[in-house]
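**Q** One structure is given below, represented as structure tokens, and several questions about it will come after.
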Amino acid sequence: MPKAQGSLDGKVALITGASSGIGAAAARVFVREGARVVLFARREARLKELTAELSASGADAVYCAGDVQDSADVERAVAHAVQTYGRLDVAFNNAGTGGELAPLHLLDDAAYDLVMDTNVRGVWNCLRHEIRAMTAAPEGGGAIVNTSSVAGLVAPSVPAPYIAAKHAVIGLTKAAAVEYAADGIRVNAIAPGLTRSEMVEDWFARVPGQEDRSKASAPQNRVAAPEEVAEAAAWLCSDRSSFVTGATLPVDGGRTTW
Ligand SMILES: NC(=O)c1ccc[n+]([C@@H]2O[C@H](COP(=O)([O-])OP(=O)(O)OC[C@H]3O[C@@H](n4cnc5c(N)ncnc54)[C@H](OP(=O)(O)O)[C@@H]3O)[C@@H](O)[C@H]2O)c1
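This is the structure in structure tokens:
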């Protein structure tokens, strides 16, 4: 029997926030689907370890350490993909931070700036450099997925700057989808609900009772595994979603349904 074709066979993929949680799960899922990956985040030791794990399984994987807030770091990561594999086909712009847990009127400018610079400027930096590389390639085209959140669709009990930032990610996604449709570049967002990751474990540890409250806020009443979210990103990055662009896909156990 011929080997089943992966949905991302041969694609070159940049994944940000790949050192833990959803991004690390995406690295494994994308590679399983046949992608060649470039992993990006600040914690180099984590990236090195994951790259070694993926390479040992026979995958093509490299990493580039950097900060999404810094345009030059993102430019370097995109250049690394092009230099290593010859082009950039897909990108999963997933790096993000939850920020400080406090009511709006008690947060200072630094708390606001960190969340906006990571979650919005970070996606902005990624989009600009990725789209430049995609439009410069002779074959053109591409697919980009940005990580928003259910907090990009409604206002759950998380800090206000995070809600503002994740709404902005959806705005950037729509704008880029419209501007680059004619270039064959699709741009979509995912809006994950409660997902097991460092960010969420930290939240549960700091706020007593939060885990049960958060679970009960969605019909499925559970925390997703990061792989469940990564599968949705992989599908949106693949040609199997060829008529989907400018969309935001909730991956939330029904959180935004009721
Ligand atoms: N878990 C959930 O319930 C949930 C729900 C909705 C949306 N999300 C979103 O999902 C995305 C992934 O988060 P996660 O849940 O997987 O949490 P996580 O385990 O804390 O992962 C966050 C990732 O982002 C990276 N990152 C943070 N700031 C960065 C920066 N300035 N530059 C580069 N990388 C940076 C982190 O790596 P380094 O620290 O190594 O840089 C890490 O790899 C985020 O955008 C988050 O807002 C999560």
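Heads up, the sequence shown is in UniProt numbering, so the first residue is 1 and it goes up one at a time. Where a beta carbon is used, it is the ideal one built from N, C-alpha and C, also for glycine.
#1: Compute the distance between the beta-carbons of V31 and A59, then report whether it is under 9 Å.
#2: Less than 7 Å between C-beta atoms, sequence neighbours within five positions excluded: which residues of the same chain meet that for D67?
#3: Enumerate, from N- to C-terminal direction, the unbroken alpha helix (DSSP H) stretches of 4 or more residues contained entirely within the stretch 63-103.
#4: Would you say S148 touches ligand 1, meaning its beta carbon is less than 8 Å from a heavy atom?
#5: Give the DSSP bridge partners of I170, in chain order.
#6: Hey, E44 and A65 are a contact pair by Cβ (cut 8 Å); roughly how many whole angstroms apart?
#7: In three-state terms, what does DSSP make of P161?
#8: Who are the Cβ neighbours of E211 in its own chain at under 6 Å, not counting the five residues just before and after it?
#9: Return the residue from the list A56, A177 and A151 that minimises the CA-CA distance to K166.
#10: Determine the extent of the beta strand (DSSP E) in which V37 is found, giving its start and end residues.
#11: Roughly how many angstroms lie between the CA atoms of L54 and A25, to the nearest whole one?
#12: Between which two residues does the beta strand (DSSP E) harbouring L249 extend?
#13: Would you tell me roughly how many angstroms separate the C-alpha atoms of residue 260 and A155, rounded to the nearest one?
#14: At the level of alpha carbons, what is the spacing between T257 and L249?
**A** Quick answer:
#1: The answer is yes: Cβ separation under 9 Å.
#2: R42 and D73
#3: The stretch 63-103 contains these whole alpha helix (DSSP H) runs: 71-85.
#4: yes
#5: Per DSSP, none; premise fails for I170.
#6: 4 Å
#7: The answer is helix: DSSP assigns P161 an H, G or I state.
#8: F204
#9: A151
#10: R36 to A41
#11: 11 Å
#12: T248 to V251
#13: An answer regarding residue 260 cannot be provided, because it is not within the stretch 1 to 258 covered by the chain.
#14: Rounded to whole angstroms, the gap between the alpha carbons of T257 and L249 is 12 Å.
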